[in-house]
Each structure stands twice: as structure tokens, then as C-alpha cells.
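Residue numbers (the numbering used here), protein chains in the order written: chain A, 323 to 575; chain B, 323 to 575.
Glycine included, each C-beta is placed from N, C-alpha and C at the ideal position.
Values in this document were obtained by computation on a predicted structure and should not be read as measured data.
In what follows, a structure is listed as C-alpha cells, so that the remarks can point back to it.
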């Protein structure tokens with residue numbers, strides 16, 4: 323996702339050194355420590371806890387504006403260990419990411435209660451995969467035959483739009499994808515008294531940028547997803563009175 | 323997802339009794355054991371292992387055609403415990419679910435190697451969220467103004483289609499969503515020598531059915547997703563010579 327495959331962690335006089343994407347973005351992952359990237363890391367909790375502790379204590383992070391720990395879903399070993407290791411440093415809090423359906427929100431309610439129980443402030447909830455928005459002309463179009471086969475008619479549709487329906491060419495088509503008729507993350511946040519930060523739609527261009535290790539902010543390609551992310555970042559900065567200088571640094575990379 | 327919220331596990335003479343969706347589908351989940359559904363289960367590995375063992379050994383499952391264990395992503399406590407507890411019974415194998423992008427496939431390669439290492443046969447890999455397919459008329463359409471605002475023009479577009487472009491009304495619009503230019507799960511399966519079972523598109527109707535606890539096979543609503551699932555089930559039955567009678571039983575519920 324950051325284009326760092328195959329990189330190694332280096333040992334410096336001060337401890338392990340993170341791998342740098344850019345002068346202002348360092349990364350550590352167990353992926354850097356495996357001889358074979360496909361190898362499974364078959365570890366039970368205590369070993370995972372040991373590594374998390376090493377990543378926080380034995381790594382020379384230098385001066386940091388933000389330390390972001392990307393954790394798996396759940397409320398188990400990783401989460402307990404992170405809270406135990408970082409608790410003393412006075413961490414700002416947790417950002418919780420969900421998708422819009424009830425089946426996800428059920429789990430996210432548990433995560434929020436975990437944070438409340440262990441005394442971690444919930445900085446806010448992000449609703450990811452919040453519908454798909456894409457320019458009409460970027461879709462593929464198929465016609466289903468009577469026997470259930472799909473025939474690709476994209477070329478024909480694009481010609482049709484150009485010649486007969488030019489008014490439709492610039493439209494953006496949106497699908498809800500996941501059912502959010504129950505109110506989604508926004509309603510859950512109101513019910514649980516935590517900030518709602520915003521929605522990020524499924525944007526194929528953002529997915530592509532992530533695959534290629536490109537930032538979605540350096541060009542105009544991610545026209546649907548990048549503005550949604552910016553709104554969330556702005557809100558996070560504002561709500562928590564983080565320095566705006568840091569924000570501008572972040573966009574630059 | 324199965325419409326079982328608020329149900330309790332019962333104690334019978336033979337042990338714990340699963341909660342039945344239907345006479346041929348019993349379910350057990352830690353969710354049934356919590357007094358408050360929002361409460362976080364803050365357990366480290368050993369307690370999770372204990373519960374998994376109880377679910378397998380202390381529950382009166384009666385005669386089963388299939389026992390499906392839905393596990394979280396990863397190769398840690400849950401997976402090791404399941405393999406240890408079920409190893410002696412001669413389990414058929416593991417079905418691995420992924421999404422099409424490289425960032426998911428990197429993790430799934432590790433899962434496959436985990437299975438190989440612990441001697442669990444990989445029955446196959448399913449590519450989920452494999453693009454979005456939806457009838458054109460089910461989309462919402464917006465026009466972006468010069469200031470970046472979105473104006474909903476869905477009504478106008480639907481009228482336009484009806485009056486001026488009726489040929490377009492029956493089309494299905496497809497978006498790749500996640501970048502699969504690297505070949506997706508199918509290519510990975512070829513490389514790793516495991517069966518590829520098929521692709522399941524993001525189908526808003528299936529998402530809705532799951533939210534409401536409805537089977538996608540009982541009516542024609544899930545016209546895009548249900549046929550995709552059927553192909554996968556058929557392949558699984560065929561590859562592994564499972565009894566076809568069982569398959570028909572399964573569709574009935």
C-alpha cells in the first residue's frame with residue numbers, strides 16, 4: 323500500500339530504524355522482518371505482545387508529530403497490548419473505522435465500549451465503503467440475455483452517450499452498496515456519544531492508488547475519495563486542536 | 323445476519339444446544355452468551371481457545387452434514403486452536419475468502435501457507451467484493467457543480483431514460499471497484515496450486531438480505547449475487563464429491 327515491499331528494517335546506534343516512505347513518513351511492519359513475504363506468522367498472543375512492545379520501545383522513532391498504529395478488528399491481544407504499552411505516554415485516542423451495515427456496526431459498538439472500558443478516548447468513527455461513486459463513463463455496461471449470459475455493450479453505450487445523450491456524459495453514478503437504512507455509523511455515533519468524522523465512498527481510483535503506493539493527494543485522480551478523506555482529516559484536526567502546520571506537512575507527502 | 327439477535331443458547335441433557343434458524347441450520351456464537359450485545363469481549367488467546375474448545379466439545383450438534391467455522395482473518399490463536407481441536411476429526415479443509423486487490427492477496431497467501439504448514443487442505447479460494455454489478459435504473463445520479471457540490475438528478479435521469487433512451491433502461495452497470503489488474507485471486511490460485519472457486523460481486527441486494535436475515539436463495543431479488551454463490555457451491559460439491567442431496571437441502575433453507 324505504501325510501495326515498501328522488500329525493504330528491510332535497519333539497526334542504528336539508537337535502535338531499530340523505521341523504513342521511510344518519505345522524510346516525513348516512517349513505517350514499521352512485521353512484513354519487513356520476514357525472509358519470505360508469503361510466509362504465515364503463526365503466533366499466539368504473547369509473542370504478538372512481545373513484538374508490539376519492541377516496535378514501541380526498541381525503535382528509534384525520532385521526534386514524531388503523529389504515531390498511527392493500524393490494528394486488526396476485534397478487542398483482543400493486540401488491542402490490550404497496545405493500550406498497555408502506550409497508556410503511560412498519554413495517547414490522544416482511537417479512530418474507529420466501520421462499514422455502513424448493521425453487521426459491522428454490531429462489532430464497532432463493542433470496539434467503542436472497549437475504548438471506554440480501558441480509558442482510551444474515541445477521536446471519532448469513519449464510515450468506509452460508504453457507497454460507490456464513479457463517473458458514468460467509467461462503468462462497464464452489460465446486457466443480460468434470456469439465457470442469463472452477460473454481453474459487454476460498453477463501447478456501444480459510450481457511443482450512444484456521445485451521439486444521442488451528451489447530457490448524461492458528465493454525470494456521476496452512485497450506489498449505496500451496503501444497506502444503511504438503519505442510519506449507518508452516523509446514527510450509531512449519536513446513540514453512543516462519540517464524534518462522527520465522515521464517510522469515505524468506495525472510489526476505484528483510491529483503491530488503485532493504494533495498490534500502486536501513490537498518495538491520493540498528489541494529483542487530481544482520486545476526485546471522489548480524496549476530498550472525502552480531507553474533510554475527515556480537517557475535522558479530526560479541528561476537534562482535537564492538533565496543529566494545522568502538521569496537517570499541511572501531511573498533505574505534502 | 324441470520325436474524326438471531328437476542329436468542330439464548332439452551333442447556334439440554336446432551337450439552338449446550340445451538341440456536342436453530344431452521345430445522346436444518348443451527349448456529350452458535352459468543353453473541354448469544356452476552357447479557358449486553360454491545361459489550362466488548364476483551365479476551366486474550368487462552369480464553370478464546372477455551373471457548374472454541376467448548377463450542378466443539380460441549381455442544382450437542384446432533385448429526386451434521388456440514389460444520390462451518392467462520393474465523394477472523396489472520397493466522398493466530400483462533401486458527402491454531404480450531405486446527406488443534408478439529409484435527410483429530412478429519413476435517414475436509416478450509417475455504418479462504420479474499421477481495422481482489424494485492425493488499426488482500428498478500429495476507430491470503432499467508433493464510434494458504436498456514437493451511438499447508440498445519441496440514442489443512444485448501445478447498446478453494448473465493449474472491450468476494452469482485453466488482454459491483456447493478457441495474458442502471460437502481461443507481462442514484464448526481465451532477466457535480468463548479469464549486470464541487472453534488473446535485474441529485476436521479477429523477478431527471480430516469481425520466482430521460484424512459485423517454486429518450488429506452489434502449490439503456492435494461493442495462494447492468496459494472497464497476498471493478500478494487501483494482502484487479504494484477505490478476506486477482508484467480509491468478510494467485512494458479513501460482514499457489516489451490517482451487518479457485520469463483521467471484522462474488524458486491525450486490526446491494528445480497529447486502530440487504532444479509533442485514534434482514536433473509537436467505538438470498540428463497541426469491542429472485544438477489545439476481546446478481548445469488549447465481550454467483552450457486553456456481554461456487556456447485557464447484558465445491560463437485561471438487562470434493564460431497565453428496566448432492568445435502569446441496570439441495572441447503573438451498574431449501
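Where does residue 355 of chain B land, buried or exposed, given buried means 16+ other C-beta within 10 angstroms? Translated into the one-based positions of the second chain, residue 355 of chain B becomes position 33. Looking at its Cβ environment, which holds fewer than 16 other Cβ atoms inside 10 Å, residue 355 of chain B is exposed.
In whole angstroms, give me the CA-to-CA distance for residue 498 of chain B and residue 530 of chain A. For the purposes of this step, residue 498 of chain B is taken as residue 176 along the second chain, with counting starting at 1. For the purposes of this step, residue 530 of chain A is taken as residue 208 along the first chain, with counting starting at 1. Distance between the alpha carbons of residue 498 of chain B and residue 530 of chain A: 11 Å.
For residue 523 of chain A, collect the residues of the same chain with a Cβ closer than 7 Å to its Cβ; drop the 5 residues on either side in sequence, then sort them by chain order. Along the first chain, read from residue 1 onward, the residue named residue 523 of chain A stands at position 201. Taken in chain order, the residues that qualify are 452, 453, 454, 455, 546, 547 and 550.
So what's residue 496 of chain A in DSSP terms, helix, strand or just coil? In the first chain, the residue the question calls residue 496 of chain A occupies position 174. Note: residue 496 of chain A maps to strand in three-state DSSP.
Between residue 507 of chain B and residue 420 of chain B, how many whole angstroms is the CB-CB distance? I'm expecting something under 8 Å. Your numbering for residue 507 of chain B matches position 185 in the second chain. Your numbering for residue 420 of chain B matches position 98 in the second chain. Contact flag correct, Cβ pair sits at about 5 Å.
Evaluate the contact criterion for the segment 427-444 of chain B versus the segment 455-466 of chain A: three or more CB pairs, one atom per stretch, below 8 Å. no
Distance, Cα to Cα, residue 424 of chain A vs residue 516 of chain B? Against the first chain, residue 424 of chain A aligns to sequence position 102. Against the second chain, residue 516 of chain B aligns to sequence position 194. Going from the Cα of residue 424 of chain A to the Cα of residue 516 of chain B covers about 33 Å.
Length of the line joining the Cα atoms of residue 486 of chain A and residue 483 of chain B: Within the first chain, the letter at position 164 stands for residue 486 of chain A. Within the second chain, the letter at position 161 stands for residue 483 of chain B. Rounded to the nearest angstrom, the two C-alpha atoms are 11 Å apart.
Alpha carbon to alpha carbon, how far is residue 385 of chain B from residue 336 of chain B? Give it in angstroms, no decimals. Taking the first residue of the second chain as 1, we reach residue 336 of chain B at position 14. Taking the first residue of the second chain as 1, we reach residue 385 of chain B at position 63. Cα to Cα, the separation comes out at about 13 Å.
Distance, residue 362 of chain A Cα to residue 368 of chain A Cα: Locating residue 368 of chain A in the first chain gives position 46, where the first residue counts as 1. Locating residue 362 of chain A in the first chain gives position 40, where the first residue counts as 1. For residue 368 of chain A and residue 362 of chain A, the distance between alpha carbons rounds to 17 Å.
Between the beta-carbon of residue 447 of chain B and the beta-carbon of residue 418 of chain B, is there less than 7 Å? Position 125 of the second chain, counted from the start, is the residue given in the question as residue 447 of chain B. Position 96 of the second chain, counted from the start, is the residue given in the question as residue 418 of chain B. For residue 447 of chain B and residue 418 of chain B, yes; Cβs fall inside 7 Å.
Between the C-alpha atoms of residue 346 of chain A and residue 372 of chain A, what's the straight-line distance to the nearest angstrom? What you label residue 346 of chain A is simply residue 24 of the first chain in a count that begins at 1. What you label residue 372 of chain A is simply residue 50 of the first chain in a count that begins at 1. If you take the alpha carbons of residue 346 of chain A and residue 372 of chain A, they lie about 27 Å apart.
Chain B contacts from the segment 455-471 of chain A (Cβ-Cβ distance under 8 Å): 455, 456, 458, 460, 461, 462, 463, 464, 465, 466 and 470
Let's test the definition: count the other Cβ atoms within 10 Å of the Cβ of residue 388 of chain B and tell me whether it reaches 16, buried, or not, exposed. Here residue 388 of chain B refers to the residue found at position 66 of the second chain. Answer is exposed; the Cβ neighbour count stays below 16.
For residue 416 of chain B, which three-state DSSP category applies? In the second chain, the residue the question calls residue 416 of chain B occupies position 94. Residue 416 of chain B falls in the strand class under three-state DSSP.
Given a limit of 8 Å on CB to CB distance, which residues of the segment 473-502 of chain B reach chain A? 475, 479, 482, 486, 487, 489, 490, 492, 493, 494, 495, 496, 497, 498, 499, 500 and 501
Candidates B:330, B:479 and B:427, of which the one nearest residue 491 of chain A by Cα: What you label residue 491 of chain A is simply residue 169 of the first chain in a count that begins at 1. Residue B:479 is the option with its Cα nearest to residue 491 of chain A.
Grab the span of the alpha helix (DSSP H) containing residue 382 of chain B for me, first residue to last. Numbered from 1 along the second chain, position 60 holds the residue referred to as residue 382 of chain B. Careful: residue 382 of chain B lies outside any alpha helix (DSSP H) and carries neither H nor E.
Residue 403 of chain A burial status per 10 Å Cβ neighbour count (16 or more: buried): Taking the first chain and counting its residues from 1, one reaches residue 403 of chain A at position 81. Classification of residue 403 of chain A: buried, given that the 10 Å Cβ count is 16 or more.
Compute the Euclidean distance between the alpha carbons of residue 505 of chain A and residue 377 of chain A, then round it to the nearest angstrom. Your numbering for residue 505 of chain A matches position 183 in the first chain. Your numbering for residue 377 of chain A matches position 55 in the first chain. Roughly 38 Å between the two C-alpha positions.
Between the beta-carbon of residue 410 of chain B and the beta-carbon of residue 437 of chain B, is there less than 7 Å? Counted from its first residue, the second chain places residue 410 of chain B at position 88. Counted from its first residue, the second chain places residue 437 of chain B at position 115. No. Outside cutoff.
Residue 561 of chain A to residue 519 of chain A span [Cα, whole Å]: Taking the first chain and counting its residues from 1, one reaches residue 561 of chain A at position 239. Taking the first chain and counting its residues from 1, one reaches residue 519 of chain A at position 197. Straight-line Cα distance between these residues: approximately 10 Å.
Could one say the Cβ of residue 529 of chain B lies closer than 7 Å to chain A's Cβ atoms, at least one of them? Taking the second chain and counting its residues from 1, one reaches residue 529 of chain B at position 207. Yes, residue 529 of chain B counts as interfacial toward chain A.
Please list the partners that residue 433 of chain B has in chain A, where partner means a Cβ-to-Cβ separation under 8 Å. Along the second chain, one-based indexing puts residue 433 of chain B at 111. Those are 362, listed as they occur along chain A.
Which one of A:393, A:334 and A:481 has the shortest CA to CA distance from residue 352 of chain A? As a working mapping, residue 352 of chain A is identified with position 30 in the first chain. Comparing Cα-Cα distances from residue 352 of chain A to each of A:393, A:334 and A:481, the minimum goes to A:393.
Those runs of the beta strand (DSSP E) which lie wholly inside the segment 441-513 of chain A and span at least 3 residues: 444-449, 454-457, 462-466, 472-474 and 494-497
Residue 526 of chain A: buried (16+ other C-beta within 10 angstroms of its C-beta) or exposed? For this step, residue 526 of chain A is matched to residue 204 along the first chain. Its Cβ being crowded by 16 or more others within 10 Å, residue 526 of chain A is buried.
For residue 524 of chain A, go through chain B and note every residue whose CB falls closer than 7 Å to its CB, in chain order. Numbered from 1 along the first chain, position 202 holds the residue referred to as residue 524 of chain A. The contacting residues are 499.
From this set, A:552, A:511 and A:326, which residue's C-alpha is nearest residue 431 of chain A's C-alpha? The residue given as residue 431 of chain A occupies position 109 in the first chain. Looking at the Cα atoms, A:511 is the closest of the given residues.
On the three-state DSSP scale, how would you describe residue 427 of chain A? Here the question's residue 427 of chain A lines up with position 105 in the first chain. DSSP places residue 427 of chain A in helix when its eight states are reduced to three.
Can the beta-carbon of residue 341 of chain A be found less than 7 Å from the beta-carbon of residue 329 of chain A? Translated into the one-based positions of the first chain, residue 341 of chain A becomes position 19. Translated into the one-based positions of the first chain, residue 329 of chain A becomes position 7. For residue 341 of chain A and residue 329 of chain A, yes; Cβs fall inside 7 Å.
Coil, strand or helix - residue 521 of chain A by DSSP: For the purposes of this step, residue 521 of chain A is identified with residue 199 of the first chain, where counting begins at 1. In this structure, residue 521 of chain A counts as strand in the three-state DSSP scheme.
Candidates A:532, A:496, A:564 and A:468: closest to residue 466 of chain B by CA position: Numbered from 1 along the second chain, position 144 holds the residue referred to as residue 466 of chain B. Comparing Cα positions, the closest option is A:496.
In the structure shown, what three-state DSSP assignment does residue 405 of chain B receive? One-based indexing of the second chain puts residue 405 of chain B at position 83. Here residue 405 of chain B sits in helix by DSSP.
Where residue 414 of chain B and residue 514 of chain A are concerned, what is the direct C-alpha to C-alpha distance, given to the nearest angstrom? Working through the second chain from its first residue, we reach residue 414 of chain B at position 92. Working through the first chain from its first residue, we reach residue 514 of chain A at position 192. The straight-line gap from Cα to Cα measures roughly 43 Å.
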